[in-house]
Structures are given as structure tokens and as C-alpha cells.
DNA sequence: CATGAATGAGCTTTCATTCAT
DNA sequence: AATGAATGAAAGCTCATTCAT
């Protein structure tokens, strides 16, 4: 009315910051809920509510629930692998130590964070959204497997690791990680603290055994039996 | 084709024979669809159609979709562990061989069959049906873990395996199994034959490495570093 | 097998008696359930079960649920009015006494029996099945009203009762009856014995007041006010 | 037709005005249909359609069909009794006149309006929804009975009425009312104008007889006979 | 941009009715 | 005649999506 010009910097600044933050808040809320309840059981209204906006607003930013889901996946796989790769190449210790290092870094940055929920989510919904799954496989899994492959090759090249078929050996490293993420987001949530198992100790033992095996004896000279 | 009339004797009592077969047919159909699409995305009408009956018929045998789900889980975990336990106790080879043996038996009886889909299903839906998940944990997971525990203890008692914390070590054995089931029913379905990896070879290498480790060197005397 | 001829009279007699009793048993079961739960909330399977036959058998005797309903109504209004009429014509006491008498006879034969449920049922379902309702009105209500009309006329002719418009006066007698049946089969069932009101005392007081009115004073000479 | 643009000012806020009107419109539609067809035979889609909205909209305001039913009952018994009580206490005529007055007021405000359908509805559905019935009994019936009780006590205290057992006498007043409501919403709808009976004349005669009785003779000195 | 009332397709579940045995 | 397994048309309810404000 009679107020000539409202201070444009303060108000509009706060508002536009809010506005630009919207998609991110929605993605965070959606991540939480998708991980917690699955795609089908998550209602868009809940997502909107948790992000503090109305249902209509969500559809302003994402044209459908499925697109929101895709965006959540895409948003949470920001190329973490590049920096990781660099760290690995700069690593100066033994390959055993590198393996240890990578496991704990993975735990810190992925395994223990919300990002782990994404993996569980994808594995759960892969059947319903193959395109999302194969997108994830290409963008995330393959990059991770490549990283693992490099670590193993490094160890084998230096003579520290035995020679094994890399295409299969990567799963020796991958399996304990995927298992831990899957477990903690499903069955693990049912009986939380019964035995007080800690992920850290789980990882320590997995890596230790991955390197040295269960056998107390010397390295095998004969191939194992087949049934 | 040229057979004009199907043997009428076999047809007599067709209806009553079907009646006894119905629950099984429905459970099989439901297993397929639940595993393929998840609980929520599976429509009961689809289940009925795949079992060759109408929607209403399904509800003649199962009072609700959730009860159908529970029945599927229950039906597919019929006490397999008892015979398994006996086989294991009768086993006369080394503990390494026993571990090998168990893995391949597991693959034959569970891993490669539809039963593996159940595990994937449970892990996916655990968040939505905690009661089902904790039922499964008690009935299946715990029994499996006990079996693994016995194998490891056998090896440790005989001096064949190193001494490790059993509560964690069981996951050394469990993780590759769960991972394989999860993987094949999700991401693994997206890129089927790309690299021609076979589950058998996966298992062989996992067990081999589980026993002997990646390290070419002698057994460790010093604890691994922590980061 | 080798038994030449089973006694046909005993066995087949029992069976055919059974067979002929079927519709009646079904009608009884249906009456109970329709009265108790209403038409819509009664499942034909329940009716069959209570009658001790299968669902299919019911449809052998009654082509549809609606026809069953109609049959129930028809079956339960057997011309009781004829004998009643005779009793009334033979009655030798005063008209007041006749009114009393009729009320208590009605209570004994209708009000306190399952037959009262029919009336309540018809009143409840009249909106859904007008044809049933108007059939009931013609066959039952009108006959009852005619009976009441005769009683009142008898009293007026003898000078025992005041002159009143018979078309309306019949409701003075009908209302307490219908009300009692309706009440006992609905609201009355919620708070059964709170005050220990007995139908007999209810009837006694209704008839008494119907005859003598609430006023302690003499009969009115002036018409009542209108608002 | 020739009006090109409807006045925009009146249209502004149309949606929000409707929002406030919706529950009332739905309750009105539901009242009509429940009374007309009963609870079970009324489909929520019909209710919605009659209120001019879609099925989903109804569930925006009422979480289930049963809650809608309860709301209909609750909405139509808004404390009418308070004002009524005051009117009654302020009444200055004789108790006979008061009784007359109350009957006609009841007819004007309840009996002849849609509210009377509620009573019929409750009586019909009492068996299926005991909680609703007993809620209604407490909130409505009991309040009504209390009112009747006061009128009768007033007459008895002043010596205008004979002494009668109040617990039973209230039904002398209640029965003609309940009967009329039940009748008009059931059987009465089948043969609408056959005899041109008017509710007003029905009430007039009921009250008149309630006060003075059928007997042309003096007040009774001997108790009536029992059979 | 943001809202949230409104929509209606779609799903689970019920149950009168049919019909092969 | 009797059975009861099978059917499928409804009905209640949910929720992603739209759109007037």
C-alpha cells in the first residue's frame, strides 16, 4: 500500500533460498521414506508433508511419483567415485592395508549413511523398475566394481595377493558390503540390539578373513573337491 | 491333436483332486509373483489368474492377501534344516570339505530354487511386515546360523580353523549366500548374461577364499591396522 | 450288498420326512437370522448352515434370497385371524374386558413370539421391498385393523365406549402393539434389564389408560385446544 | 444463455465456500438415503453423487461409511431438548394442554421433518450397530423420556392426572410418537393417500384419548381383570 | 509459485448364485 | 436331491494426479 519499497534483498533472498532448496528437501524426505517403507508403501503426501510443503508443490518439481523415485536415486549417487579413485591411487601402504582402508572409508561415507538405504531400495524394487535398476547398476555398481578390481589387481601385481579370477573375485569384496547394507535395512531392524554386534567389528573380521582365510594351515597346493 | 477324448477315468473326481491341489497351486503362483514384483505390486487377481482360478477362489483358501503372503513364506521353509543337520553330523571329511559340501548343497536345495526368492522377498518387505520378518528370522535365519555355527566350531575344535569370534564369523559364511540370492533376484536380473558368470564358480571361489584368504603370504602374526 | 431288501418304510420314511421338512427348517432359520440381523446383513450361507444343509440346497428350494425373504413373510402370517375373529365374536364380557383379552392373547401368540420379529423386519425393510411391505399390509395389517375396528365398534354400539372416528381410533390400539414389537427388537435389546420393565405390565397400563385416560377429572365437554 | 460471464465476485472463494458446505451437504444426502434404503443398501457412491461430489471426496470428510452414519445421527440430534425443556417449564396452561402442546411441537419440529427418519433408521439398524443404538438411546431417547416424565409428574402433582407408575406411563406418551415415525417411514409409504388420514388428526385423537380414555363411563374403581 | 480440494482408476474383499459332481 | 467349489459383479476404500484459486 503506502510502503514504498520493501527491502528486496532480505526477504526475496530468504524466499528464493527456500525455493531453490525445495527440490532438495523433497528428495531428502523421499529418500527417507522410500528407504523406510519401500516405493509402493510411501505416499507422496507423506513425502510432501515431511518436506514441509503441500502435495501439489511436489508435483511442481517432479511430474510423477516414479520420476521422484528416479530423481532420488540419481541425486544420491553423486560421483563419489572420482575422489575415491584418486585417494586410492595416492595410497602408499600395502594392498591389504588399502583393502582395509577402503572398507572403512566405505563404511564411513556410504555404509553407515542414508546412502546405504538407496542400495537396499534399488535391490528391493529392481523387479518393478528395471530401468532404474540398470541405470543404478551402470552408474554405481559398475564404478564400484571397477574400484574393487583395481585394488585386487594392485595386490596381485605386487605379488601380495594370490592370482584369482577377477570377474569373480570382486564379489568377495562386494558381497560383505551389500549384505551389510541389505541386512541392516531389513531383518536387522527387527531384532536391533540383541547381541550387540557392531558393524565395525563385522567389517574388521570380514576383511581380516578375506585376506587370511579361515584355515589355520598353510596355503593349499591342491584344488578343493567338487560335489 | 489326434487324441479325440482324454481318458475319462483320470477325469473323474477332477474337481475334488483340484480342490486339494488348489492351495499349492495358489502358493506357487503367489511365490512367483511376490518374488517378481513384491508384495504391494502383486494383485491378488493376478495370483488367481496364474493359478488358473478366479479372484474369489483365492479367498476361499486364504482369508486375505497378507495371510496368503504369510502362507507362502511358511510353505517354503518346511523344516529343511533337520535333515541338513543330520547330514552334517554324519559328514566324515575335513571341516573345509564340509563347508564346501554345505555350500553346494545349499545352492542345490535353496539358492538355485524358487525358495531363494523368499529370502529376497522377506528382505525387501521386512520394513512393511515386521512380524513376518521376525517370524522368518526366528524360523529360518536362526536355524541356518546355528548350522553355520556348528560347522565353524567343528573346524575350530579340530584345529583346522583359526579361532575367531563365532557371533561375527557366521556372517563370513552367511553373507555370500544372502548376497547371491539378493543379487540374482534384483540387479542380477537386469544384465543377465553379460559376462557369463556362473553361480557355481562364484560359490567355488567364495568358499576357497573364505578358507585361504587373498594373501599370498603366511598367516598374520600382527593385528591389522585400524583407521 | 447281500442284504436283500432294506426295510423301505423306516428308512425312506425318515428320509422323506426329512426332505419335506427342509423348506420349513430353512424358513425357520431364515426367520431367526433376518429378524436378528436384517435382510442385507444375513448371508444365505448362514441360513443354510443353521438349517443344517448346504448353500446349494437352499437354492434348490428358493430361487433367490429375495424369494426366500418373501417366503419367510408368507409362511409366518398363516391365517391366525380367522380363529381370532371367532373367539372375539364368542366373547361374552364387556368391551373393556374384550380389549384386555385381545391384548393379552396378542401378546401370547404374537408379541412374545418370533412372529413379532416379522413385523419389525417388514417395517425395517419396507423401503427396500415395497412389494413385500404392501403384501404384508394387505394380508396382515389390514386383517388386524379390521379386528380392532370390530372391537371398537362393539364398544361404541353398546354405549360402553365414546364415539370416535374409527379410522383413526384403530391406531390407539395398534400403536402400543407395534411400538412394543419394534422396541423390543431394536433399542430394547441394547439395555436389556436396566429397569426391569415387563411387557405384561406395559400392556396392562396401556390398556388401562387407553380405556380411562390420564385425567383424574370427568369426561371432557369442550374440545382440546389446537396450536 | 445471453449472460456471457457470471459475476466473478460471487464466484470468488467458491471452492472454499463449498468446502465448508460439503460436510453438511454430504450429511443431508446421507440422511436421505440411509432413511430411504437403510444403511447396507445405501452405497457411498450414491451419497456422494447426491451431494454432487465424487466418491473420493466423501472420504475426505468421513473416514468410513460407518463414521458417516454416526455423523448423520449425531448431526441430526443437536441438543433440541434444552430449548424444549425451557418452553415446557415456562408453560402456564393445564397439564392436559401442555401435553397437547408438546405433541404438536414435536410434530412440527421432529415428526414431520427428516429428523424423524433418523429414529426409524436407528430402530432398523439397532441390531447391526448396537453402539450407535445405545449412543442414540442415551443422547436422545433418555432425554425425551425425561421430558415426558416431567410433564406427567407435573400433572400428577397438580392432581390433574391420576397416579400411575411413571416408568411405564412414559410409554403411553412415547409409543404413539415412535409408532407414527416408524409407520410413516415404512408401511405408510406403500399406500400413501388411500384413506387420507392426516398425522395431525392422528395426534389429536391420540392425545385426546390418552387423556380421557375410550370409556364413556366414570373412572374405574376396581382393577382390570387379568387373563 | 503454492495450495489442497477434488477426482476416479484401481485394489482388496464379500457374497449371491451357478453347476459339475 | 444334495453338495460345495467356483464364479464375478459389486462395494468400500486408497491415493497419485489435476486444477481452480
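Residue numbers (the numbering used here), protein chains in the order written: chain Z, 1236 to 1462; chain Y, 1236 to 1462; chain B, 1236 to 1462; chain X, 1236 to 1462.
All residues carry an ideal CB built from backbone N, CA and C; glycine is no exception.
query: Inside the segment 1247 to 1299 of chain X only - alpha helix (DSSP H) runs reaching at least 4 residues; result: 1249 to 1272, 1279 to 1285, 1290 to 1296
query: Beta-carbon spacing of residue 1410 of chain Y, residue 1414 of chain Z below 7 Å; result: yes
query: Positions along the segment 1408 to 1442 of chain X whose CB lies within less than 8 Å of some CB in chain B; result: 1409, 1410, 1411, 1413, 1414, 1415, 1417, 1418, 1420, 1421, 1422, 1424, 1425, 1426, 1430, 1432, 1436, 1437, 1439, 1440, 1441, 1442
query: Proximal residues of chain Y, C-beta to C-beta of residue 1444 of chain Z below 8 Å; result: 1399, 1404, 1407, 1445, 1448
query: Distance, residue 1353 of chain Y Cα to residue 1347 of chain Y Cα; result: 12 Å
query: Chain-ordered neighbours of residue 1376 of chain X on chain B, where CB pairs are closer than 9 Å; result: 1422
query: Neighbour flag for residue 1329 of chain B against chain X, beta carbons, 7 Å; result: no
query: Chain-ordered neighbours of residue 1463 of chain X on chain B, where CB pairs are closer than 7 Å; result: There is no way to answer for residue 1463 of chain X, as the model of chain X reaches only from 1236 to 1462.
query: CB of residue 1359 of chain B within 7 Å of CB of residue 1359 of chain X, strictly; result: yes
query: Chain Z within 7 Å of residue 1346 of chain Y, Cβ atoms only; result: no
query: Cβ-based contacts, 9 Å cut-off: residues of the segment 1247 to 1281 of chain X near chain B; result: 1270, 1271, 1272, 1273, 1274, 1275, 1276
query: Paired residues, beta bridge with residue 1450 of chain Z - DSSP; result: Y/1396
query: Contacts around residue 1375 of chain X, its chain only, beta-carbon distance under 7 Å, and the 5 residues preceding and following it disregarded; result: 1312
query: Helix, strand or coil at residue 1420 of chain X according to DSSP, with G and I counted as helix; result: coil
query: Residue 1293 of chain X beta carbon less than 7 Å from that of residue 1283 of chain X; result: yes
query: C-beta neighbour in chain Z for residue 1359 of chain Y, strict 7 Å; result: yes
query: Segments of 4+ residues assigned as alpha helix (DSSP H) that fall wholly inside the segment 1335 to 1423 of chain Z; result: 1350 to 1360, 1365 to 1371, 1377 to 1392, 1401 to 1419
query: Own chain residues within Cβ distance below 7 Å of residue 1238 of chain Y, not counting five before or after; result: Confidence is the limiting factor: at residue 1238 of chain Y the pLDDT is only 42, short of 50, which leaves the residue's position unreliable and the question unanswerable from this model.
query: Whole-angstrom C-beta distance between residue 1387 of chain X and residue 1401 of chain X, which should lie under 8 Å; result: 6 Å
query: Members of the segment 1280 to 1296 of chain Z near chain Y, C-beta cut-off 7 Å; result: none
query: Chain B residues whose Cβ lies nearer than 9 Å to that of residue 1368 of chain X; result: 1421, 1422, 1424, 1425
query: C-beta neighbour in chain Z for residue 1311 of chain Y, strict 7 Å; result: no
query: Buried versus exposed call for residue 1398 of chain X [16 or more other C-beta atoms within 10 Å across all chains shown]; result: exposed
query: Sub-7 Å separation of residue 1355 of chain X and residue 1445 of chain X beta-carbons; result: no
query: Chain-order list of residues whose beta-carbon lies under 7 Å from that of residue 1319 of chain Y (same chain, five-residue window excluded); result: 1382
query: Between the CA atoms of residue 1263 of chain Z and residue 1275 of chain Z - distance to the nearest angstrom; result: 17 Å
query: Where residue 1311 of chain X sits in the DSSP three-state scheme; result: coil
query: Beta-carbon proximity of residue 1307 of chain B to residue 1266 of chain B, cut-off 7 Å; result: yes
query: Rounded C-alpha distance that separates residue 1281 of chain Z from residue 1351 of chain Z; result: 21 Å
query: Contact with chain Y by residue 1214 of chain Z, beta-carbon distance below 7 Å; result: The structure shown does not extend to residue 1214 of chain Z, since chain Z is modelled only from 1236 to 1462, so the question has no answer here.
query: Coarse secondary structure for residue 1426 of chain Y, derived from DSSP in three states; result: coil
query: Short CB-CB distance (under 7 Å) between residue 1365 of chain B and chain X; result: yes
query: Residue nearest to residue 1443 of chain B in terms of C-alpha spacing, selected from B/1286, B/1336, B/1297; result: B/1336
query: Residue nearest to residue 1259 of chain Y in terms of C-alpha spacing, selected from Y/1297, Y/1438, Y/1278; result: Y/1297
query: Residue range of the alpha helix (DSSP H) that includes residue 1316 of chain X; result: 1316 to 1325
query: CB of residue 1403 of chain Z within 7 Å of CB of residue 1449 of chain Y, strictly; result: no
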